[in-house]
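Below is one structure, written out as structure tokens; the observations come after it.
Numbering (my numbering), first residue to last: 405 to 503.
Structural data, given as structure tokens:
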């Protein structure tokens, strides 16, 4: 699946891009009609330790699903965001099958 990556105010490491790409690709096992997606990585300038923000938006037929998570690391935030998207996609698929 084609993902666009945007990192605000820093250069993203290729290992992180590969990690997130792999995680998001696994979502296709739950919902195979994902068109493409966008990942936004930010570092918030506050004193808290959870200052890494991961936003993932996936385009699907008839709309999109979105998740925004804040964590200590981008990897942890990506894990949480992908899990939230997995739940959303599962609900969408169940609704489709019900109709």
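C-beta atoms are modelled at their ideal positions from N, C-alpha and C, and glycine is treated no differently.
- Annotated three-state conformation of residue 429 is helix, per DSSP.
- Rounded to the nearest angstrom, the gap between the Cα atoms of residue 411 and residue 446 is 6 Å.
- Assignment of beta-bridge partners to residue 463 by DSSP yields 440, 468.
- With contacts defined by Cβ atoms closer than 9 Å, residue 486 and residue 428 form a contacting pair.
- Cβ neighbours of residue 419 within its own chain (closer than 6 Å, five residues either side excluded): none.
- Excluding sequence positions up to five before and after residue 461, its CB lies within less than 7 Å of the CB of 441, 442, 468, 470, all in the same chain and listed in chain order.
- When DSSP states are grouped into helix, strand and coil, residue 409 belongs to the strand group.
- Taking a contact as a CB-CB distance under 8 Å, the pair residue 444 and residue 459 counts as one, their CB atoms being some 4 Å apart.
- Rounded to whole angstroms, residue 490 and residue 435 show a C-alpha spacing of 8 Å.
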